[in-house]
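Undergrad:
Residue numbers (the UniProt record's numbering): 1 to 171.
1. Determine the direct distance from the alpha carbon of residue 34 to that of residue 54, and round the result to whole angstroms.
2. So what's residue 167 in DSSP terms, helix, strand or just coil?
3. Note down, one range per segment and in chain order, each beta strand (DSSP E) of at least 3 residues found wholly within the UniProt domain "Disease resistance R13L4/SHOC-2-like LRR" (1 to 156).
4. Using beta-carbon positions only, say whether residue 83 and residue 115 come within less than 9 Å of one another.
5. Beta carbon of residue 154, beta carbon of residue 109: below 9 Å?
6. Under 8 Å from any heavy atom of the ligand MG, does the C-beta of residue 113 make it?
7. Which whole-angstrom value is the C-beta distance of residue 71 and residue 49, which I expect to be below 8 Å?
8. Cutting at 8 Å between CB atoms, please list the residues of its own chain near residue 104, excluding the five before and the five after it.
9. Just to confirm, is the Cβ distance from residue 73 to residue 47 under 9 Å?
10. I need the straight-line Cα distance from residue 32 to residue 11, nearest angstrom please.
11. By how many angstroms is the C-alpha of residue 2 removed from the C-alpha of residue 141?
12. Measure the C-alpha to C-alpha separation of residue 160 and residue 65 and round it to an integer number of angstroms.
13. What distance in whole Å lies between the Cβ atoms of residue 156 and residue 131, which are believed to be in contact at a cut-off of 8 Å?
14. Kindly indicate which residue of 18, 100, 107, 89 has the alpha-carbon position closest to the one of residue 117.
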């Protein structure tokens, strides 16, 4: 199958994505924006190696990204990515895992955790990112996150209170 654009946006009844979805290996764009009841993304999402755009904002039941997101090295834009700031484990995507995604240009993410592991955050290597928007969930401080991530000069960087915005280029 050769579907390049897969859009489940605003499918409120979707709790899980069909497993067959992860066999559509040529997919370049996956949007589940506004899937309020989507509870998780399975590890098999790591099979979508050609994925360039992943949009998951507005998925209120989604609590973490699976670790295998780090295998999606073709990603250019991620909106709604959830990254742990306080630990790196084998289940949840963390700030350090961003370091595997060398082609990222736009990153809108929710950073979760009550503290920040600065060594972990430095591994994110955001040198190619042009736009970074962060929504904090937990007790981590904005200044600590910014210092640890050390965003490159010229990047559009900000913290947001409204996590669910959709950038115009990804609508």
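Glycine included, every Cβ here is placed at the ideal spot set by N, Cα and C.
Quick caveat: nothing in here was measured; it's all calculated off a predicted structure.
TA: Let's see:
1. 13 Å
2. Any reading at residue 167 needs caution, since the residue's pLDDT is 48, under 50, leaving its predicted position unreliable; the model's value is listed next. DSSP places residue 167 in coil when its eight states are reduced to three.
3. 5 to 7, 29 to 31, 53 to 55, 77 to 84, 106 to 112, 131 to 137
4. no
5. no
6. Absence of the ligand MG from the depicted structure is noted, as is the absence of any ligand whatsoever, leaving it without description.
7. 7 Å
8. 75, 76, 77, 78, 98, 126, 128, 129
9. no
10. 8 Å
11. 44 Å
12. 20 Å
13. 4 Å
14. 89
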